[in-house]
Amino acid sequence: MPDGTSGPDEQLRLAPGETLRFGRTSVDGPAAFLTIPHHGVSRRAGEITAAGSYWTLSNLSRTSTYVVENPEGAGEHIKIAPGRIEAPIPFEFSRVVLPAAADLLSFDIWAPRHDYADEAGDEHGGEPTTHAFPLDRTKRYFLVLAALCEPRLRGAPHAPPPTADQVVDRLRPVWPAASRTAVQWNIDYLAVKFRLKQPPESADCGPRLNGKKESLVSLALRFDLVREAELAVLEAGASAP
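Quick note on this note's numbering: the sequence shown kicks off at 666 and runs consecutively.
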């Protein structure tokens, strides 16, 4: 979907195996081409190829790195270096960002919905697999974690984590007694739970952890410990822990 597209008739559709080239001007004759009329874009900037439930991107620029963002992934992205051919892109919804002189240009791509294995569990029985990051989503520490992750999950992938006071204000609808001390205690608890720091009773507590909230948010989003749908726990009327 080219930038500024107003309706489905302006979308460009590719069947599996088909290729769309893009750049400043078409130099390849009648082949499918997405024109990006900007002096900072190469005449033959790249190629997109549909491949089943994913697609590949070729960066034909000699100097510019392209970035493919997952707008639904709280900052998740892939860098495609100059000259890289047929890099597979795993996102269902993607935004391709091209640096062009003083501007950043973009267009969006929708891949088919991905398939997943049935959640039938372990058919072989035996001991259950231990979770790497066990979370009880009915506890107050999850409320605090959700509030910390909310800005990035709401579409601001580079937003700094909220302060403890901002978290208190955000949690008041579902946790009226929230205080700065309680929020900070839960942040420290999460840092221990996620093994970012040693527990207080440890003989060696290790060095002071700087950027604690940033580390928590980064880890939680990297491993999908908090998803956008789970932000509903922050709203008034949700089942409070």
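For glycine and all other residues, C-beta sits at the position ideal for the given N, C-alpha and C.
Please name the residue or residues paired with Asn-724 in a DSSP beta bridge.
-> BP columns for Asn-724 point to Gly-711.
Which of the three DSSP states, helix, strand or coil, is assigned to Ser-718?
-> Note: Ser-718 maps to coil in three-state DSSP.
Applying the criterion that 16 or more other CB atoms from any shown protein chain within 10 Å of the CB defines a buried residue, is Glu-712 buried or exposed?
-> The residue in question, Glu-712, is buried, as its Cβ has 16 or more Cβ neighbours within 10 Å.
Coil, strand or helix - Val-848 by DSSP = Helix, per DSSP.
Per DSSP, what kind of secondary structure is Glu-734 in: helix, strand or coil?
-> Note: Glu-734 maps to strand in three-state DSSP.
Just the Cα atoms here: how many angstroms apart are Leu-800 and Arg-708?
-> Distance between the alpha carbons of Leu-800 and Arg-708: 50 angstroms.
Starting from Lys-744, follow the beta strand (DSSP E) in both directions and report where the run begins and ends.
-> Note, Lys-744: beta strand (DSSP E), 742 to 745.
Within the chosen definition, does the stretch 833 to 840 reach the stretch 808 to 820 through at least 3 CB pairs nearer than 8 angstroms?
-> A contact exists between the stretch 833 to 840 and the stretch 808 to 820.
Quick one: what does DSSP say Asp-768 is sitting in, helix, strand or coil?
-> Strand.
Can you name the start and end residues of the beta strand (DSSP E) that Leu-813 belongs to?
-> Premise fails: Leu-813 lies in the alpha helix (DSSP H), 805 to 818, not in any beta strand (DSSP E).
Short check: CB of Leu-727 to CB of Pro-747, under 9 angstroms?
-> One detail in the question is off: residue 727 reads as Arg in this sequence, not Leu. Contact: yes.
Which term fits Tyr-731, buried or exposed, when burial requires 16 or more other beta carbons within 10 angstroms of its beta carbon?
-> Burial is judged here by how many other beta carbons sit within 10 angstroms of a residue's own beta carbon; Tyr-731 has at least 16 and is buried.
Using only the heavy atoms of the ligand SAH, determine whether one of them is closer than 8 angstroms to the beta carbon of Arg-760.
-> The ligand content of the structure shown is nil, which means the ligand SAH is not present either.
For the candidate residues Glu-675, Trp-850, Asn-724, whose alpha-carbon lies nearest to that of Arg-686?
-> Per the Cα distances, Asn-724.
Specify, as a first and last residue, the run of the beta strand (DSSP E) that Leu-699 falls within.
-> Run containing Leu-699: 698 to 700, per the beta strand (DSSP E) assignment.
By a C-beta neighbour count over all protein chains shown, 10 Å radius and 16 as the cutoff for buried, is Arg-860 buried or exposed?
-> It is exposed - the Cβ of Arg-860 has fewer than 16 other Cβ atoms within 10 Å.
Out of curiosity, what's the CA-to-CA distance linking Val-761 and Asp-889?
-> When rounded, the distance between both Cα atoms is 22 angstroms.
Give the straight-line distance between the Cα atoms of Ala-894 and Ser-691, rounded to the nearest whole angstrom.
-> Ala-894 and Ser-691 have their alpha carbons spaced roughly 42 angstroms apart.
Answer with buried or exposed for Ala-901, where buried requires no fewer than 16 other C-beta atoms within 10 angstroms of its C-beta.
-> Here Ala-901 is exposed, its C-beta having fewer than 16 other C-beta atoms within 10 Å.
Please look up how many angstroms separate the CB atoms of Glu-737 and Ala-715, rounded, as I've assumed it's under 8 angstroms.
-> No, Glu-737 and Ala-715 are not in contact; Cβ-Cβ is about 20 angstroms, not under 8 angstroms.
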